[in-house]
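When the letters of the sequence shown are read in order and numbered with our numbering, they come out as residues 301 to 759.
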Amino acid sequence: MSAKPQRLRQTGKRQKILVAGAGMSGLVAALELEHVGHDVTIIEARDRVGGRVHTQRGSDGTPIAEAGAGRIPRSHHWTLDYIGRMGLALHPLYPPKLTNLAFINGQRCSLDSGAELAQAVALPENERALGYPGIVKTYLLDNVDRLLAAGVIDTPAWPPEQLADLDRLSAPDYLAERGLSQAAIKLLTLGAFPTAISPLMLSRVLAHYDRDGLSIIEDGNDSLPKAIAARLRGDILLGTPVLAVSQFSDRVEVTVVREGRTTTMTADALICTIPYSVLPTVTFEPLLSPARRQILAEMRYVKVAKVAFRMRSRFWEADHLSGFAQLDTGAEIWSPQWPSNGHRGVLQLYQQGDRVTEMDALSEPDRMRWAIEKIEEVFPGAERHVEECVSYSWQLDPWARGAYGIPYPGDLFKWKGRLAGHEGRIHFAGEHTSEYPAWIEGAVRSGHSAASEVNETGS
Ligand SMILES: Cc1cc2nc3c(=O)[nH]c(=O)nc-3n(C[C@H](O)[C@H](O)[C@H](O)COP(=O)(O)OP(=O)(O)OC[C@H]3O[C@@H](n4cnc5c(N)ncnc54)[C@H](O)[C@@H]3O)c2cc1C
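So this is what it looks like as structure tokens:
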């Protein structure tokens, strides 16, 4: 796999193509197909482009927070390539030289100090001797080294059979099986950590994760989908959900609701980027393959809710704090610094896991109260500085039904080679079909790959 997206080959055959979904995968697919002369129309259920790249803006139009994709790692070359092509500027996510916090057992300590972290929990003697860096090296980085040595990332050999032992259990269960104490496991799984993923998936993420190399797009991450959408010649039909898809030997028909009326659109091919959490609401004629229907039934989406407060000042900086914290409750606090913030700041609660269900049951004002109380525990006095608040819950969104699809232990091998691909004239894309699930990088790569498939197969 190339380190950068390549332009598609001109085939000389102009096709009429529908793309379901104006998220990053659909937009990239449309951009690449138009570039080689195809006639593309995007059909989008929401009244905006970007899907799960969604910047929430304040009353003055400037970003308060990212409801969806919040960070772009410097190793995500395909995402960075499209950002560069659109002429967008990046800004570091973490302010330099300020302390990031951990909040464990009700106590604040520095996330950047292995000694403080090790003292925050009751580690047994042998783990105390190893220290936090030693625990990370022995129990996490060892598998990252094995994975990198196998040289399989971004190759058809992913997931690697020789590392199948790392995909049997969830990461916490695996660490416990290796004898790590629950106290140490708590340290290694702080924050919005998807506890269900296997050590193999975790190692893959860690292999290209570098906290100092994380960025945001200067005027909000939604600048990227908006910029791509602005480059497209074909229509983007907003507020137009897909209800049904029928395919025939010579065409595909897509039934949509447009301006309150049901209509059918015809094309040579459909690129379907609808998340697998939502796809079961679409009727297919003939039915999708048994293998794909099984994946649709099995794929689980992580629950995420975020509540962000714009603050009149970054009062935490007086204590040399960055505003970022990882909690032991499946939550993180983020404090993205857009240039437009000026002297103002943001504290955003990013909650994952079971507590999200509790948040979702609350009214909007109660959810905000719930969130500010959690933030107050880590940054006392926060409430006094609140100027504006926005919140988002991905599982309550009918066009997402969850934040992202992640493989549970065993899924990687069970689904190998069956997530993307095409069934006749229907080509599947989206982060959930990619080897980078839960990242823009996965969406972008999958959109490009589906575009290439349509271009090459001629249907
Ligand atoms: C909380 C959260 C945090 C994240 N953090 C990061 C991060 O830090 N960094 C990162 O790189 N990525 C992150 N991601 C992942 C990233 O946002 C996604 O991987 C990516 O945006 C998915 O793009 P997509 O095109 O595959 O799907 P989507 O963006 O979901 O696009 C699919 C589109 O299909 C539309 N649709 C759905 N149903 C229908 C229908 N029936 N008819 C027509 N249209 C329909 C939807 O409205 C949507 O616009 C995060 C995501 C979430 C939710």
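All residues carry an ideal CB built from backbone N, CA and C; glycine is no exception.
A residue is called buried when at least 16 other Cβ atoms come within 10 angstroms of its Cβ; Ala738 meets this threshold and is buried. An exposed status is given to Ser613, since fewer than 16 other beta-carbon atoms sit within 10 Å of its beta-carbon. Residue range Thr399 to Ile404 is occupied by the beta strand (DSSP E) that includes Leu401. Rounded to whole angstroms, the separation of the alpha carbons of Leu500 and Leu475 is 12 angstroms. Secondary-structure assignment with DSSP links Leu649 through a beta bridge to Val607 and Ile633. Short note on Tyr704: C-beta closer than 7 angstroms to some heavy atom of ligand 1.
Minimum Cα-Cα distance from Ser734 among the listed residues Pro636, Tyr704 and Gly358 corresponds to Tyr704.
For Glu344, the shortest separation between its Cβ and any heavy atom of ligand 1 lies below 7 angstroms.
Under the three-state reduction of DSSP, Pro363 is assigned to strand. Shown here, Glu427 sits in a helix according to DSSP, grouped into three states. Across the structure, Ala496 and Lys313 are spaced so that their CA atoms are roughly 45 angstroms apart.
If only complete runs of 3 or more residues are kept, the segment 520-587 shows the beta strand (DSSP E) at 542-547, 552-558, 561-567, 569-572 and 583-585, in order along the chain. Straight across, the Cα-Cα distance linking Ile706 with Tyr439 is about 22 angstroms.
Within 7 angstroms of the C-beta of Thr438 there is not a single heavy atom belonging to ligand 1. Pro305 has its alpha-carbon roughly 11 angstroms from the corresponding atom of Ser752.
Collapsing the DSSP output to three states places Asp654 in coil. Straight-line measurement puts the Cα of Asp473 at about 20 angstroms from the Cα of Gly434. Looking at Pro456, Leu466 and Ala402, the one whose alpha-carbon comes closest to that of Gly717 is Pro456. Ranked by Cα distance from Arg346, the first of Ile536, Leu318 and Ser375 is Ile536.
The three-state secondary structure of Thr495, taken from DSSP, is coil. About 6 angstroms separates the beta carbon of Val340 from that of Val319, a gap short enough to meet the 8 angstroms contact definition. In the displayed model, His335 falls within a helix according to three-state DSSP. One alpha carbon belongs to Ser515, the other to Gly361, and they sit about 21 angstroms apart.
Here Arg511 is exposed. Its C-beta has fewer than 16 other C-beta atoms within 10 Å. Counted as a single uninterrupted DSSP element, the stretch harbouring Thr355 is not any alpha helix (DSSP H) but the beta strand (DSSP E) occupying residues Thr355 to Arg357. Between the alpha carbons of Glu723 and Lys714 lies a distance of about 19 angstroms. Rounded to the nearest whole angstrom, the C-alpha separation of Arg408 and Leu333 is 51 angstroms. The closest heavy atom of ligand 1 lies 7 angstroms or more from the beta carbon of Pro590. When Pro525, Pro636 and Val690 are compared, the shortest CA-CA separation from Ile342 is found for Pro525. With a cut-off of 7 angstroms, the C-beta of Met324 is classified as near ligand 1, since at least one heavy atom of the ligand falls inside that distance.
Not a single heavy atom of ligand 1 lies less than 7 angstroms from the C-beta of Pro580.
DSSP places Ser375 outside both helix and strand once states are collapsed to three, so it counts as coil.
Counting only the Cα atoms, Ser693 lies some 26 angstroms from Leu487.
The residue from Met611, Leu463 and Gly350 with its alpha-carbon nearest to that of Ser523 is Gly350. As summarised for the segment 444-495, the continuous alpha helix (DSSP H) elements at least 4 residues long and confined to that stretch are 471-477 and 482-488, given in chain order. Of the residues Glu585, Phe609 and Gly747, the one whose Cα lies closest to the Cα of Ile672 is Phe609.
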